[in-house]
Amino acid sequence: MSARPRLLYVTDLAYPARGRRYCDEDIHLTARLRENFDLALCHPLDAAALMDAFDAVVVRNSGPVLGYQKEYEAFRTQALARGTRVYNPLHGRGDMAGKQYLLDLTAAGHPVIPTADRPEDLHRLPEAERYAVKPKAGADSIGLRFVRYEDLTELAGLAYGDVLVQPRVDFRYEVSFYFVDDLFQYALYAPDPERRWVLEPYEPTADDLAFARRFIDWNTLDHGIQRVDACRAPGGELLLVELEDLNPYLSLDRVPEETRERFATVLADSLRRFLAA
């Protein structure tokens, strides 16, 4: 490894995210990381061809892999075969591996929105006016739709085994907890459920942090950026919505400058530890 480690930073700067500008976040972070690393940016479709020239690949705002699933799987296969260091590491159990974790966590009794993927398990879901149906490999609400229970029981053309079904929760608000490695950084929430990405700083309670940490611990990633998305249910409890460990958007434009700068410093420290491991 050279005196200044070389990082290939994977991002889709032109990805058209709703209500967000991914490129601004990555421009800020890479500007800070250049203080400590030799760094180049590339599109996710170019990562496999370029990664051998770098000490590590940092996957950031690369967009939903549903749009380039074949190329992403090829990148994973090559990186694992060559022993390429990828940050976040490729053994994550959350969204990185699809949505199976929602089924596993439901079966294990964790505080998660109840989830099923087979017609014979639908009766285990709480009663609701509508049910969310989403692809197991989905992200960013791609393919999400809401249907009535009778449509579920009639299958309604759903490709069971490839989709997940959840009751639509009438939650008070959504809240996200952001971690680097196992270190909590900040939390943001959307006071208006209809405006998911209009976020404000959130001061978590000790119980809130304990909730988020149980999923960080469950995921067993020693290094990396993770976002725990939850909703505040009508009864006041938090329920897991997503455990994002592939390329979580960080909403750094919604936090104070001091928090944003501290996050960049913690990320650089994490990357140094990752490269030395």
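First residue of the sequence shown: 22, per this note's numbering; consecutive thereafter. Quick reminder that beta carbons are idealized off the backbone N, C-alpha and C, glycines included.
S197: member of the beta strand (DSSP E) spanning 195-201, first to last residue. Taking C-beta separations shorter than 8 Å and ignoring five residues to either side along the sequence, the partners of L296 in its chain run M22, P26, D76, A77, R106, following chain order. For V262, there is no enclosing alpha helix (DSSP H); the residue is part of the beta strand (DSSP E) that begins and ends at 259-265. With respect to the 7 Å criterion, T51 and N82 are not classified as neighbours on the basis of their beta carbons. Taken atom to atom, the span from the alpha-carbon of L146 to that of R235 is near 23 Å. The beta carbon of D191 is closer than 7 Å to those of P255 in its chain, skipping five residues each way along the sequence.
Just so you know, the alpha carbons of D203 and S291 end up roughly 10 Å apart. For V287, the uninterrupted alpha helix (DSSP H) run begins and ends at 278-297, by DSSP.
When beta bridges are read from the DSSP output, Y152 appears opposite V168, P188. DSSP places R248 inside the beta strand (DSSP E), whose first and last residues are 246-253. The beta carbon of A69 lies closer than 7 Å to those of A95, F96, Q99 in the same chain, with the five residues before and after it left out.
Contact check for L242 and N109: beta-carbon distance about 6 Å, within the 8 Å limit, so the pair qualifies.
Taking C-beta atoms as the reference points, M72 and L101 fail to come closer than 7 Å. R281 sits buried, since 16 or more C-beta atoms from the chains shown fall within 10 Å of its C-beta. Taking C-beta separations shorter than 6 Å and ignoring five residues to either side along the sequence, the partners of T136 in its chain run L123, L124, T127, L185, Q187, following chain order. For R97, the secondary structure class from DSSP, reduced to helix, strand or coil, is helix. If the five residues before and after K120 are omitted, its C-beta is found closer than 6 Å to the C-beta atoms of K157, L185, all from its own chain and listed in chain order.
Assigned with DSSP and collapsed to three states, V86 falls in helix. Residue burial annotation: D213 is exposed, with fewer than 16 other C-beta atoms found within 10 angstroms of its C-beta.
As computed with DSSP, Y207 is found in a beta bridge with Y199.
Around the CB of E56, fewer than 16 other CB atoms lie within 10 Å, so the residue is classed as exposed.
Distance from the CA of E141 to the CA of R114, rounded to the nearest whole angstrom, comes to 25 Å. Counting along the chain, R27 sits inside no alpha helix (DSSP H); it lies in the beta strand (DSSP E) bounded by residues 27-31. One thing to note: V196 has its Cβ no nearer than 7 Å to the Cβ of I246.
If you draw a 10 Å sphere on the C-beta of R169, you find fewer than 16 other C-beta atoms in it, and that means exposed.
Here the C-alpha atom of I134 lies approximately 14 Å from the C-alpha atom of A233. In the structure shown, L220 falls within a coil segment according to DSSP collapsed to helix, strand and coil. The continuous beta strand (DSSP E) containing A77 extends over residues 77-80.
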